[in-house]
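The sequence shown begins at 78 in our numbering and counts up by one. Input: a single structure, listed below in structure tokens.
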Amino acid sequence: MDTNQQISYYTEELITEAAQRLIDKGLLTFDKLADLQGRASLTLKGIDTLLMEEKIVNETDLLKTFSDVSNIPFHPIGDFKVEQVAIDMVTPKVALRHRIVPISFKDGILMLATSRVPSLTTVDGLRMILDAGIEFILCPDGDVSMSLTHFYGLGAESIDQLIAEAEAMEMTENKQDKSDIGVTTEETGVVRFINLIIAEAIRMDCTDIHIEPYEDTLRLRYRIDGILQKIPLPNGVEKLRNSVSSAVKIMADMDIAEHRKPHDGRINVHCGNSDYDLRVSVLPTSWGETSCLRILNRGTTQVDLDQLGLSPAQLPKIAKLTELPHGVVLMTGPTGSGKTTTLYALLARINQSGTKIITVEDPVEYQMSGISQVQVHSKIGLTFASILRSILRHDPDVILIGEIRDSETADIAVRSSLTGHLVLSTLHTNDAPSAVARLTDMGVEPYLTASCVEGIVAQRLVRRVCKNCCDDVTPPESIYNEIQGFYPEQVKDARFTLGHGCPTCGFTGYKGRSAINEVMLMSDAIRSQVIDRAPSNLIKDQAILEGMLTLRRDGWLRVVEGRTSIDEVIRVAGRMEE
Numbered sequence: 078m079d080t081n082q083q084i085s086y087y088t089e090e091l092i093t094e095a096a097q098r099l100i101d102k103g104l105l106t107f108d109k110l111a112d113l114q115g116r117a118s119l120t121l122k123g124i125d126t127l128l129m130e131e132k133i134v135n136e137t138d139l140l141k142t143f144s145d146v147s148n149i150p151f152h153p154i155g156d157f158k159v160e161q162v163a164i165d166m167v168t169p170k171v172a173l174r175h176r177i178v179p180i181s182f183k184d185g186i187l188m189l190a191t192s193r194v195p196s197l198t199t200v201d202g203l204r205m206i207l208d209a210g211i212e213f214i215l216c217p218d219g220d221v222s223m224s225l226t227h228f229y230g231l232g233a234e235s236i237d238q239l240i241a242e243a244e245a246m247e248m249t250e251n252k253q254d255k256s257d258i259g260v261t262t263e264e265t266g267v268v269r270f271i272n273l274i275i276a277e278a279i280r281m282d283c284t285d286i287h288i289e290p291y292e293d294t295l296r297l298r299y300r301i302d303g304i305l306q307k308i309p310l311p312n313g314v315e316k317l318r319n320s321v322s323s324a325v326k327i328m329a330d331m332d333i334a335e336h337r338k339p340h341d342g343r344i345n346v347h348c349g350n351s352d353y354d355l356r357v358s359v360l361p362t363s364w365g366e367t368s369c370l371r372i373l374n375r376g377t378t379q380v381d382l383d384q385l386g387l388s389p390a391q392l393p394k395i396a397k398l399t400e401l402p403h404g405v406v407l408m409t410g411p412t413g414s415g416k417t418t419t420l421y422a423l424l425a426r427i428n429q430s431g432t433k434i435i436t437v438e439d440p441v442e443y444q445m446s447g448i449s450q451v452q453v454h455s456k457i458g459l460t461f462a463s464i465l466r467s468i469l470r471h472d473p474d475v476i477l478i479g480e481i482r483d484s485e486t487a488d489i490a491v492r493s494s495l496t497g498h499l500v501l502s503t504l505h506t507n508d509a510p511s512a513v514a515r516l517t518d519m520g521v522e523p524y525l526t527a528s529c530v531e532g533i534v535a536q537r538l539v540r541r542v543c544k545n546c547c548d549d550v551t552p553p554e555s556i557y558n559e560i561q562g563f564y565p566e567q568v569k570d571a572r573f574t575l576g577h578g579c580p581t582c583g584f585t586g587y588k589g590r591s592a593i594n595e596v597m598l599m600s601d602a603i604r605s606q607v608i609d610r611a612p613s614n615l616i617k618d619q620a621i622l623e624g625m626l627t628l629r630r631d632g633w634l635r636v637v638e639g640r641t642s643i644d645e646v647i648r649v650a651g652r653m654e655e
């Protein structure tokens with residue numbers, strides 16, 4: 078592309094032509110344009126900036142209009158695979174100052190993404206600084222912001238100021254008593270940096286924030302969709318290691334003078350339209366104090382079973398469990414597999430004015446109206462077992478136990494079902510049949526398990542392939558043959574995909590999660606095996622004969638539906654068919 082001949086850069090004439098096209102499309106009126114022109118001269122802002130800030134014109138419509146009049150193509154960044162060689166050519170200072178994202182470098186031409194048509198002066202300056210030919214694409218401003226954060230580090234625009242403030246604070250600390258540290262730290266911008274970390278985590282739907290100091294660096298990681306992802310931080314952030322941990326402790330009302338033992342605290346924040354409760358844990362390590370912040374939404378949540386993305390084969394079986402008058406229903410799986418979410422979706426179906434529901438949890442993760450929720454407090458003797466004994470005096474119809482952790486809790490749960498209660502709870506086992514052996518290990522007699530347990534659901538969460546950057550891939554022949562054996566009709570039109578990464582998905586290729594399940598409903602044959610103490614593999618074989626889909630088979634159904642990738646199913650369900 079010959080940019081000098083084909084591209085029109087930012088000028089008054091270009092703005093005028095773009096405004097006229099918006100008027101022709103019915104997206105802008107003459108009166109509104111005149112008002113904008115008057116305010117633009119007073120505020121020294123461009124008309125395009127005012128159009129965006131006041132949301133007069135949709136950003137996509139505005140950018141496409143500017144693309145038409147400037148001949149700069151409009152593309153979301155997700156349409157491209159960002160090349161590291163291009164990122165390395167542009168320093169953070171230049172990228173942040175001009176709000177440009179390097180995309181690719183080929184044949185001496187550096188492609189840059191921006192959300193505004195640049196001026197000719199800007200273009201000439203970039204050519205000289207970068208010593209390369211330049212092509213531009215227009216993209217949404219959100220793409221630019223997320224890309225700059227991903228490639229140049231969170232808080233890169235203010236890191237120099239933060240370092241200067243931290244160094245000044247350290248000099249002040251050397252002259253002051255320990256009692257003054259908190260006041261000094263609060264006066265710095267480090268608290269603002271922590272707030273930026275928290276806000277970015279909430280925007281990215283993160284569940285846990287890990288801030289970890291090491292000998293010569295500070296590492297920030299977010300757990301997103303169940304996977305820990307390293308979040309880039311700008312150069313020089315390692316100088317803030319001590320200041321960051323002190324700021325976290327201040328925000329969580331911890332003792333910042335104590336660095337030798339672990340601390341626990343809370344931070345309450347408001348972001349957007351929601352309130353969040355952050356459970357903070359600080360642990361001393363060789364290189365300083367590491368912090369983990371668990372993010373919980375404090376708002377009332379309505380979880381719908383139909384919206385969890387359960388497969389058509391599994392949804393009816395799981396929904397059937399809500400119709401039971403009594404018995405024990407168990408959700409199994411590792412931490413973070415969505416067990417509690419699914420249980421609350423079941424409760425939402427059961428939650429009627431004629432049904433008394435009480436939950437015992439540690440902690441209470443969802444606030445749901447119409448349900449009595451009790452939180453465990455071990456320090457004062459408020460354990461699962463002690464609460465359950467009291468709950469039975471409150472005439473409940475349904476009891477949810479956050480987790481069966483010990484033999485006493487397991488015994489009370491089983492015996493509660495014998496007295497006419499429906500008991501929902503979770504266990505940590507690899508699959509559904511293994512839950513039977515786990516209860517036996519906890520001291521529950523097999524005949525009680527056989528008579529009380531009505532259904533066991535094993536669950537895992539697989540990440541969804543990002544729809545904005547997915548590419549078609551060819552599956553390995555062995556995997557394709559395995560999937561074809563289970564789903565011969567569906568596989569004919571299946572599209573196997575994998576994301577290459579974009580701002581929407583944080584350049585991971587995945588966005589959101591979907592459940593895969595293994596539902597074992599108790600039958601007479603299975604109950605007989607349980608009473609006879611049959612091993613888990615024989616119980617599993619019987620369940621499969623009766624129609625149980627294993628986690629891996631349910632995962633393959635997600636693949637042929639185009640929801641997830643083969644790699645994800647193998648990651649959570651294993652490499653071999655059970």
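Heads up, the beta-carbon is just placed ideally off N, CA and C, and yes, glycines get one too.
Discussion item. I want to know whether the segment 279-296 touches the segment 201-208 - three or more CB-CB distances under 8 Å.
Written reply: no
Item to complete: Please determine if the segment 553-570 and the segment 428-438 are in contact, where contact requires at least 3 C-beta pairs separated by less than 8 Å.
Response: no
Worksheet item: Which of helix, strand or coil does DSSP assign to valine 523?
Response: Note on residue identity: the sequence assigns proline, not valine, to residue 523. Note: proline 523 maps to helix in three-state DSSP.
Discussion item. Quick check: what's the CA-CA separation for glutamate 480 versus glycine 103?
Written reply: 58 Å
Worksheet item: Once you ignore the five residues that flank valine 646 on each side, which residues in its own chain have a CB closer than 8 Å to its CB?
Response: Val539, Ile593, Arg629, Gly632, Trp633, Arg635, Val636
Worksheet item: I think isoleucine 464 touches valine 437, with their Cβ atoms under 8 Å apart; what is that distance to the nearest whole Å?
Response: 5 Å
Fill in: Buried versus exposed call for threonine 486 [16 or more other C-beta atoms within 10 Å across all chains shown]
buried
Worksheet entry | Start-end ranges of the beta strand (DSSP E) lying completely within the segment 357-441, minimum 3 residues | 365-374, 404-409, 434-438
Worksheet item: Do you know offhand how far glutamate 542's Cα is from alanine 571's?
Response: Just to set this straight, residue 542 is valine in the shown sequence, not glutamate. Each residue's Cα considered, the two are about 14 Å apart.
Practice prompt. May I ask you to report which of helix, strand or coil DSSP gives tyrosine 229?
Written response: helix
Worksheet item: Does the distance from the CB of isoleucine 710 to the CB of proline 580 come in under 7 Å?
Response: What the structure shows of the chain is the stretch from 78 to 655, and residue 710 is not part of that stretch, so it cannot be assessed.
Worksheet item: What do you reckon, are the CB atoms on glutamine 536 and lysine 397 nearer than 7 Å?
Response: no
Worksheet item: Is leucine 207 helix, strand or coil when you go by DSSP?
Response: helix
Discussion item. Let me make sure I understand the geometry here. Which of Leu469, Leu504, Asp125 has the alpha-carbon closest to that of serine 414?
Written reply: Leu504
Item to complete: Taking 8 Å as the threshold, find out whether the segment 620-629 comes into contact with the segment 514-527 through three or more Cβ pairs.
Response: no
Worksheet item: Start and end of the alpha helix (DSSP H) containing valine 146?
Response: 136-147
Fill in: Inter-residue Cα distance where the pair is serine 467 and glycine 520
22 Å
Worksheet item: At which residues does the beta strand (DSSP E) containing lysine 183 begin and terminate?
Response: 178-183
Discussion item. Check whether the segment 129-139 and the segment 158-174 touch, using three or more Cβ-Cβ pairs below 8 Å as the test.
Written reply: no
Worksheet item: Would isoleucine 533 pass as a contact of alanine 509 if the rule is Cβ separation under 7 Å?
Response: yes
Practice prompt. Taking only the alpha-carbon atoms, compute the straight-line gap between glycine 230 and proline 311 and give it to the nearest angstrom.
Written response: 5 Å
Worksheet entry | Helix, strand or coil at glycine 532 [DSSP, three-state] | strand
Worksheet item: In whole angstroms, what is the alpha-carbon distance linking glutamate 277 and arginine 371?
Response: 14 Å
Worksheet item: Cα-Cα, which of Pro195, Gly185, Ala163 is closest to isoleucine 92?
Response: Pro195
Discussion item. I'd like to know whether the C-beta atoms of arginine 426 and leucine 382 end up nearer to each other than 7 Å.
Written reply: yes
Worksheet item: Do you know how far the Cα of serine 358 is from the Cα of cysteine 369?
Response: 5 Å
Discussion item. Quick check: what's the CA-CA separation for lysine 252 versus proline 169?
Written reply: Bear in mind that the predicted position of lysine 252 carries a pLDDT of just 46, short of 50, making it too unreliable to give a figure here.
Worksheet item: Among residues of its own chain, excluding the 5 on either side of lysine 307, which ones have a beta-carbon nearer than 8 Å to its beta-carbon?
Response: Arg296, Leu297, Arg298
Discussion item. Less than 7 Å between the beta carbons of proline 339 and leucine 360, yes or no?
Written reply: yes
Worksheet entry | For glutamine 306: DSSP bridge partner residues | Tyr299
Worksheet item: Quick one, are the C-beta atoms of valine 221 and isoleucine 275 less than 7 Å apart?
Response: no
Practice prompt. Go ahead and label alanine 512 buried or exposed: buried means 16 or more other beta carbons lie within 10 angstroms of its beta carbon, across all protein chains shown.
Written response: buried
Worksheet item: Relative to the alpha-carbon of threonine 627, which residue among Gly651, Ser323, Asp483, Val200 has its alpha-carbon at the smallest distance?
Response: Gly651
Fill in: Within 7 Å, strictly: CB atoms of valine 405 and valine 500
yes
Item to complete: Determine the closest residue to isoleucine 164 out of Arg193, Ser144, Ser224, Cys283, with distance taken between C-alpha atoms.
Response: Ser224
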